[in-house]
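Just below is one structure, and these are the notes that go with it.
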Amino acid sequence: MQAHHGRVPTRAGPDTTRAAHARGAYADARDSAAECVELARATLGGRHPAVASALNNLALAHKTLGEHDAALALYLEAVGAYRAALGSHHSSTLVARHNYALALRQAGELDSAEQELRAVLRERELLLGADHADAALSRHNLGSLLRERGRLDEAQPLLDGAARALEAAHGGDDLRTANALHALALLHWARGDLAAAHKLLLRAARPRVRTLGMAHPDAAATLHALAEVARAQGDEPRALAIQRDLLQALHEAGLTSPAKPAVGPAAWRAARSDAHAPGAESAAPVRAASAAPSASGRARAAPAREVE
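Structure representation (structure tokens):
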């Protein structure tokens, strides 16, 4: 693919990739991201942050489609490109490693995912401090993985600390805080503390519904969990009311049918699944760096973005 006058052709570019991702056209997002990688390599070579960012976006597209082998290989390549361009301890390199760990988790390679998440957490705490939001995000994802593996005693302090730090950094209405509250709620649910789970799910639901809409996968997962917790508490009328509202929202979004009233598509995830496994990257795709030179003739290279 050829660049014209130093610009990315309109049919390929990070904005095109993000737009395809946002509308659920994941195969189109993958194809656009692949063109971005090809153009970035042709323009900049292999040791540039923009190339690494493009690789990261392509990996995300493959991951969203469940193409785990391709995603893992591309995430590793992105890590290598960031390391070569910026060094092993740069924040973008650590973001890429974090994303690789989450891809390992989605692929079912839980031991490797845990090892990588722990390594990134150590680096972030050393470089940024334990209270930094990036370190909190690593604690959140490590705690979520440990909860998923049934290691609740190990998971709880990580999830508690992550929720507090993310709320302090971003506020209670931020989606990153909502993600942490959702994960912490699932841990309390698993422990049988329904009152704590209910309270946390309410706090997570508000920003998710307000910002994303009820039919979004993350909001739907929290609302479905909230209904199931209400049911476990003996409040069947409330559980049914939440589920009716959710089904109506899904129907209006064209995602279910009144003849098949079930909140069950894989994209919505089970209520006991984490907000960040496997599909949360689709809610917050990595913003790729453009491989095209700017008006000044320099290539624009955005920092790597966390996908949680």
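Going by UniProt numbering, the residue at position 10 of the sequence shown is 10; the numbering climbs one at a time, nothing skipped. Backbone N, C-alpha and C fix where the C-beta goes; we use that ideal spot for every residue, glycine too. Quick caveat, the model's predicted, so the values are computed rather than measured.
Buried or exposed for residue i, going by 16 or more other Cβ atoms inside 10 Å?
i      : result
Pro207 : buried
Pro237 : exposed
Ala78  : buried
Ala241 : exposed
Ala168 : exposed
Ala283 : For Ala283, the pLDDT reaches just 27, beneath the cut-off of 50, and the residue's location in the model is therefore unreliable, although a value from the coordinates is still provided. Its Cβ being crowded by 16 or more others within 10 Å, Ala283 is buried.
Arg122 : exposed
Ser53  : buried
Arg147 : buried
Arg203 : buried
State the Cα-Cα distance for the pair residue i and residue j, rounded to the nearest angstrom.
i           : j      : result
Leu65       : Ala27  : 7 Å
Leu201      : Leu44  : 46 Å
residue 391 : Val51  : Only positions 1 to 308 of the chain appear in this structure, which leaves residue 391 out of reach.
Ala205      : Ala183 : 12 Å
Leu137      : Gln156 : 14 Å
Leu127      : Gln233 : 44 Å
Leu226      : Ala196 : 11 Å
Leu72       : Gln106 : 10 Å
Leu166      : Ala130 : 12 Å
Ala299      : Gly254 : Residue confidence is low: Ala299 scores 37 on pLDDT, short of 50, so the model does not pin down where it sits. Its coordinate-derived value is still stated next. Approximately 41 Å, taken between the alpha carbons.
Ala301      : Pro49  : For Ala301, the predicted model reports a pLDDT of 40, less than 50, meaning its position is unreliable; a value from the coordinates is still stated below. Distance between the alpha carbons of Ala301 and Pro49 is about 6 Å.
Arg244      : His188 : 25 Å
Leu159      : Ala42  : 43 Å
Gly80       : Arg124 : 18 Å
His216      : His251 : 12 Å
Asp193      : Ala70  : 40 Å
Leu110      : Arg139 : 16 Å
Glu281      : Ala101 : Here the model assigns Glu281 a pLDDT of 33, short of 50, so the residue's position is not dependable and the matter cannot be decided.
Glu154      : His170 : 25 Å
Ala185      : Ser112 : 25 Å
Ala29       : Thr16  : 7 Å
His98       : Ala85  : 18 Å
Asp31       : Arg83  : 25 Å
Pro261      : Ser88  : Only weak support exists for where Pro261 lies, its pLDDT of 41 falling under 50; the value from the coordinates is given anyway. Each residue's alpha carbon lies about 49 Å from the other.
Lys63       : Ala40  : 21 Å
Gly150      : Gly108 : 15 Å
Leu223      : Gly46  : 44 Å
Going by DSSP, what residue range makes up the alpha helix (DSSP H) through residue i?
i      : result
Gly143 : 133 to 148
Ala107 : Counting along the chain, Ala107 falls outside any alpha helix (DSSP H), and DSSP gives it neither H nor E.
Asp160 : 152 to 170
Asp28  : 26 to 44
Leu58  : 49 to 64
Gly80  : 68 to 86
Leu186 : 175 to 191
Leu250 : 236 to 252
Ala227 : 217 to 232
His198 : 194 to 212
Taking the alpha carbon of residue i as the point to measure from, which residue in the options has its own alpha carbon closest?
i      : options                        : result
Leu145 : Asp134, Asp174, Ala180         : Ala180
Leu74  : Ala96, His89, Asp173, Ser91    : Ala96
Gln248 : Arg105, Arg139, Gly213, Glu228 : Gly213
Ser91  : Ala54, Leu110, Ala133, Glu109  : Ala133
Ala219 : Leu175, Cys36, His251, Gly80   : Leu175
Val229 : Arg191, Thr211, Leu142, Ser53  : Arg191
Asp235 : Arg210, Ala221, Thr211, His198 : His198
Asn57  : Gly46, Leu39, Ala135, Ala34    : Ala34
Leu104 : Leu76, His89, Leu39, Val209    : Leu76
Gly161 : His224, Gly143, Glu114         : Gly143
Asp173 : Glu114, Gly150, Val209         : Val209
Thr211 : Cys36, Thr177, Gly150          : Thr177
Thr93  : Leu60, Arg151, Ala163, Val120  : Val120
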